[in-house]
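In order, the protein sequences belong to chains A and B.
So for the first sequence, the numbering used here puts the first residue at 11; every next one is plus one.
So for the second sequence, the numbering used here puts the first residue at 11; every next one is plus one.
Everything on this sheet refers to the single structure shown next.
Number of protein chains: 2
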Amino acid sequence: MTTIKDVAKLLNISITTVSRALDGYDDVAQETRELVIRTAQEMGYTPNRAARQLRKQRSETIGYILPTDKPQFADAFYSEFIAGLGDAAAASNFDLLVSAAPPDSAAEKAIYQRWAQGRKVDGLVVNRTRLQDWRLQYLSGQKLPFVSLERSLLPLEFIGVETDIAQGYLDLIGHLTSQGHSRIAYIGAAPDLKIDHDRYTGYRSGLEAASIAPDPALVTRADLTPEGGYQAAIRLLNQATQPSAIVCVNDLTAIGAMHAAHERGLKVGRDIAIAGFDGVADSAHTQPPLTTLDQPVYTIAGLLVNMLLKLIDGKPLDEHQVRIKPNLLIRASTVG
Amino acid sequence: MTTIKDVAKLLNISITTVSRALDGYDDVAQETRELVIRTAQEMGYTPNRAARQLRKQRSETIGYILPTDKPQFADAFYSEFIAGLGDAAAASNFDLLVSAAPPDSAAEKAIYQRWAQGRKVDGLVVNRTRLQDWRLQYLSGQKLPFVSLERSLLPLEFIGVETDIAQGYLDLIGHLTSQGHSRIAYIGAAPDLKIDHDRYTGYRSGLEAASIAPDPALVTRADLTPEGGYQAAIRLLNQATQPSAIVCVNDLTAIGAMHAAHERGLKVGRDIAIAGFDGVADSAHTQPPLTTLDQPVYTIAGLLVNMLLKLIDGKPLDEHQVRIKPNLLIRASTVG
DNA sequence: CTGAAAGCGCTTACAG
DNA sequence: CTGAAAGCGCTTACAG
């Protein structure tokens, strides 16, 4: 490995000057700077990260933990989310540390502690925020910068990105009622998740705006997977009073629900309307293509990282909360 | 931050002893060890990673770069793969560094160089291996340990995991011919990818085993996305001689191909058979459910990490090459 | 069994 | 504009 010493020795100058030249300080002679930069390049020198981190007392790394309910954690939302995090971090010369743990598990807690205490990361990105989320409380207590996708109900300052679910659901339910639907069901996720809370609230507001009386029998919950959506839809379709439309908390749930409907011999779009949320996954290519509230996942991830980096640097944020309006993509799954 | 000094001071012993007690050396008095461990725990002490890395000259971190062809990189294969990498790494107290870059791009090269030169990582996991893959050559040259999913055609020692595609395709084509198919098409990926190479070879062997003459008109290639599969299938279906079955390089491609078939008014399973490869994604819940060659992605990722960690530690490997047989899941998409 | 000390490779006040 | 030196927090030979 080439070190700063090697570069200094070759050039017969001090390591101080090499360091300053490379870091772009303006008190280095133009000539010296150019020579240093060229030589470092030629020698293939890159500063040792551990040494730099130790000295600067920051890791130039941000962390993210995948909420893996099961090992078979196949969800395209997360590949796109991580790609967005990685790209935005790299653009600022930060690294992205990724781990995986079941939400609200001992393993999750252990990772947070290890990262926080060992200062492995300068900050974290949190998603799948829960209503009472110990992670946010812990990070606040540790004074470790973080941003989150969706806010909690805790009395903590919220810095991050939020989807404008209320508006999205007004659009979606409006679309469904305009198609003549009034028995609209909801398949959510665990009720302690902020996305379930918001989407359920949005669902209720949407019904209210259309003057439809809510029916508790049309509300059920699953686990954000196709399998969960499939089972939940079977429950709904087994009831005496069946829904004519189902809105689902995410696309994977909707894909499972469509499967259940097909098995019943229902033609999705004609016999029953089904809609998702996310717009990632293969929603454009399901049979029939899935109506969904599309979110720019890659962009959201980038926004989160850029907010986090400003927090880490102690720079002022343009906005503490960014609100993203999901885009209603109407496809055949809700159009007779 | 609590440091080793704080612990030592509180206990009135040297930092040497604290370090040795915590690291489990056996030349520390049992009593001292217990005291140190308990106190460290109570004080919330975790060794500073940067200091440890600098001193040990290893980062206790492995790296992985997502092959993001486009920002909208939605592929459930990768969420599961990363979950597997993260879990296996964490089980050995290693961290996982993730970045993203388009395959074979300048950005990809830059990340490899930064990680290698700055010793950000002790080793890397490579996938989507290309036939002539500069990454493998570069890492070999840098003497940086790595493992790969699928081998290249380069004259380098291969350490990693390989899917037994030949056997998988014999099973799959056998299944299709037993259903009476003889006009079997193939939708692949970029031909410089090892998976395309292997799957195409497997496809040809499968045809040969069934004494079916290959027809170049039935072979086309896409980009591993649903959209690509959709376009490729349209091309195939627009031809004078249409396929009666299509095998696809991955599930996402197959999902797109099913979409194209449906648009043509073909009933998948009855009018045309379509099969995928991977078994992640929502293949069990597509309409109709998708026949696929299922791979244990999470397990494969774990195997790769464990092999890599042995390489990093200079320990002997049980096997340099692990061969995984994909599991043919026959579903309605290929059964009349 | 325990401790004093060196040193990993940087960055950055400080002096000139 | 440049350099000598301190020190970030560890681990580990070495001495006792």
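Where is the CB? At the ideal position from N, CA and C, for every residue including glycine.
When the distance is taken between beta carbons, is A/F156 closer than 8 Å to A/L400?
There is simply no residue 400 of chain A to check, as chain A begins at 11 and stops at 346 in what is shown.
is_contact[A/S102, chain B] using C-beta, thresh 8 Å
Taking the first sequence and counting its residues from 1, the one referred to as residue 102 of chain A is at position 92. So, not an interface residue.
Is the stretch 289-296 of chain A touching the stretch 290-308 of chain B, taking contact as three or more C-beta pairs under 8 Å?
yes
Tell me which residues share the same chain as A/D174 and place their Cβ nearer than 8 Å to its Cβ, disregarding the 5 neighbours each side in the sequence.
The residue labelled residue 174 of chain A in the question sits at position 164 within the first sequence. Leaving aside the five residues that flank A/D174 on each side, the residues in its chain whose CB is nearer than 8 Å to its CB run, in chain order, R333, I334, K335, P336.
Check whether A/Q305 and A/D281 have beta carbons under 8 Å apart
Counted from its first residue, the first sequence places residue 305 of chain A at position 295. Counted from its first residue, the first sequence places residue 281 of chain A at position 271. No, the pair does not count as a contact, with Cβ atoms beyond the cut-off.
Taking the C-alpha atoms as reference points, what is the distance between A/G94 and A/N316?
For the purposes of this step, residue 94 of chain A is taken as residue 84 along the first sequence, with counting starting at 1. For the purposes of this step, residue 316 of chain A is taken as residue 306 along the first sequence, with counting starting at 1. Rounded to the nearest angstrom, the two C-alpha atoms are 11 Å apart.
Presumed contact (8 Å Cβ cut-off) between B/T71 and B/D143, rounded CB distance:
Here residue 71 of chain B corresponds to residue number 61 of the second sequence, with the count starting at 1. Here residue 143 of chain B corresponds to residue number 133 of the second sequence, with the count starting at 1. Not a contact, Cβ separation roughly 22 Å.
Return no unless some Cβ of chain B is closer than 8 Å to the Cβ of A/E52.
Counting from one through the first sequence, the residue named residue 52 of chain A turns up at place 42. Chain B contact via Cβ: absent.
Entirely within the stretch 193-277 of chain A and at least 3 residues each: give me those beta strand (DSSP E) ranges in chain order.
194-198, 229-231, 255-258
Tell me which residues of the stretch 98-128 of chain A have at least one Cβ-Cβ distance to chain B shorter than 9 Å, keeping chain order.
A99, A100, N103, D105, L106, L107, V108, S109, A110, A111, A117, A120, I121, Q123, R124, W125, A126, Q127, G128
For a minimum of 4 consecutive residues, which ranges assigned as the alpha helix (DSSP H) are wholly contained in the stretch 97-135 of chain A?
116-127
Would you report the Cα separation of A/T56 and B/S158, rounded to the nearest angstrom?
Taking the first residue of the first sequence as position 1, residue 56 of chain A is located at position 46. Taking the first residue of the second sequence as position 1, residue 158 of chain B is located at position 148. Approximately 25 Å between the Cα atoms of the pair.
Between which two residues does the beta strand (DSSP E) harbouring B/G151 extend?
Taking the second sequence and counting its residues from 1, one reaches residue 151 of chain B at position 141. B/G151 -> not in any beta strand (DSSP E); alpha helix (DSSP H) instead, spanning 144-152.
Contacting residues, own chain, Cβ-Cβ under 7 Å from A/A311 (five flanking each side not counted):
By one-based count along the first sequence, residue 311 of chain A stands at place 301. Excluding sequence neighbours, A/A311 sits near F91, G94, L95, A98.
So does the stretch 236-253 of chain B actually touch the stretch 262-271 of chain B, counting three or more Cβ pairs closer than 8 Å?
yes
For A/V171 and A/G178, I'd like the C-alpha separation in whole angstroms.
Taking the first residue of the first sequence as 1, we reach residue 171 of chain A at position 161. Taking the first residue of the first sequence as 1, we reach residue 178 of chain A at position 168. Rounded to the nearest angstrom, the two C-alpha atoms are 15 Å apart.
Going by DSSP, what residues sit across from B/E172 in a beta bridge?
Working through the second sequence from its first residue, we reach residue 172 of chain B at position 162. DSSP, once it has assigned bridges, lists B/R333 as partnering B/E172.
Would you call the stretch 71-85 of chain B and the stretch 54-68 of chain A in contact, with 3 or more CB pairs under 8 Å?
no
According to DSSP, what are the bridge partners of A/V157?
Here residue 157 of chain A refers to the residue found at position 147 when the first sequence is read from its first residue. DSSP, once it has assigned bridges, lists A/V135 as partnering A/V157.
Within its chain, find whatever has a CB closer than 6 Å to the CB of B/S343; leave out the 5 residues flanking it on each side and keep chain order.
Counting from one through the second sequence, the residue named residue 343 of chain B turns up at place 333. Same-chain partners within the cutoff: V278, G279, I284, P298, L300, T301.
Kindly list the residues whose CB is nearer than 8 Å to the CB of B/A168, restricted to its own chain and excluding five residues on each side of it in sequence; keep chain order.
Locating residue 168 of chain B in the second sequence gives position 158, counting from the first residue. In the sequence on display, residue 168 of chain B carries Phe and not Ala. The answer, listed in chain order, is S158, R161, S162, H330, Q331.
Taking the alpha carbon of B/V257 as the point to measure from, which residue in B/T251, B/A242, B/N248 has its own alpha carbon closest?
Numbered from its first residue, the second sequence carries residue 257 of chain B at position 247. Checking every option, the nearest Cα to that of B/V257 belongs to B/A242.
With a CB to CB cut of under 8 Å and the five nearest residues on each side skipped, what residues in its chain are close to B/L146?
Taking the first residue of the second sequence as 1, we reach residue 146 of chain B at position 136. Result list for B/L146: V136, T139, F156, S158, S162, L164, L166, in chain order.
If we cut at 8 Å on Cβ distances, does A/Q82 have a partner in chain B?
The sequence position of residue 82 of chain A within the first sequence is 72, counting from 1. Interface residue, yes.
Buried or exposed: where does B/A250 fall if 16 or more other Cβ atoms within 10 Å of its Cβ makes it buried?
Position 240 of the second sequence, counting from 1, holds the residue named residue 250 of chain B. B/A250 comes out exposed.
Can A/Y253 and A/L217 be called in contact, C-beta distance under 8 Å?
Taking the first residue of the first sequence as position 1, residue 253 of chain A is located at position 243. Taking the first residue of the first sequence as position 1, residue 217 of chain A is located at position 207. The amino acid occupying residue 253 of chain A in the given sequence is Pro; Tyr does not appear at that position. A/L217 is positioned such that its CB atom lies no closer than 8 Å to that of A/P253.
Beta-carbon of A/G184 versus every beta-carbon of chain B: anything under 8 Å?
Taking the first sequence and counting its residues from 1, one reaches residue 184 of chain A at position 174. Answer no: the Cβ-Cβ gap between A/G184 and chain B never drops below 8 Å.
Is B/T309 helix, strand or coil when you go by DSSP?
The sequence position of residue 309 of chain B within the second sequence is 299, counting from 1. Residue state, collapsed to three classes: helix.
C-alpha distance - A/L182 paired with B/G275, whole-angstrom precision:
Your numbering for residue 182 of chain A matches position 172 in the first sequence. Your numbering for residue 275 of chain B matches position 265 in the second sequence. For A/L182 and B/G275, the distance between alpha carbons rounds to 28 Å.
Could you list which residues in chain B have their beta carbon closer than 9 Å to that of A/Y148, in chain order?
Residue mapping note: residue 148 of chain A aligns to position 138 of the first sequence, counting from 1. Chain B residues near A/Y148: none, gap ~12 Å exceeds 9 Å.
Same chain only: Cβ atoms within 8 Å of A/L106, ignoring 5 sequence neighbours per side:
One-based indexing of the first sequence puts residue 106 of chain A at position 96. Excluding sequence neighbours, A/L106 sits near T71, I72, G73, Y74, I92, L95, G96, A99, A100.
Going along chain A in order, which residues have a C-beta closer than 9 Å to the C-beta of B/S368?
Nothing can be reported for residue 368 of chain B, as the shown portion of chain B is limited to 11 through 346.
With a CB to CB cut of under 6 Å and the five nearest residues on each side skipped, what residues in its chain are close to B/G198?
As a position in the second sequence, residue 198 of chain B is number 188, starting the count at 1. Same-chain partners within the cutoff: D206, Y210, R231, V259.
Given A/I121, which residues of its chain have a CB within under 7 Å of its CB, disregarding the five upstream and five downstream residues?
The residue given as residue 121 of chain A occupies position 111 in the first sequence. The answer, listed in chain order, is I75, S109, A111.
Identity of the residue in A/A176, A/L141, A/Q127 nearest A/L154 by Cα:
By 1-based counting over the first sequence, the position of residue 154 of chain A is 144. Of the candidates A/A176, A/L141, A/Q127, the one whose C-alpha sits nearest the C-alpha of A/L154 is A/Q127.
Who are the neighbours of A/L76 on chain B, taking C-beta pairs under 8 Å?
Against the first sequence, residue 76 of chain A aligns to sequence position 66. Under the 8 Å cutoff, chain B gives S89, I92, A93, G96.
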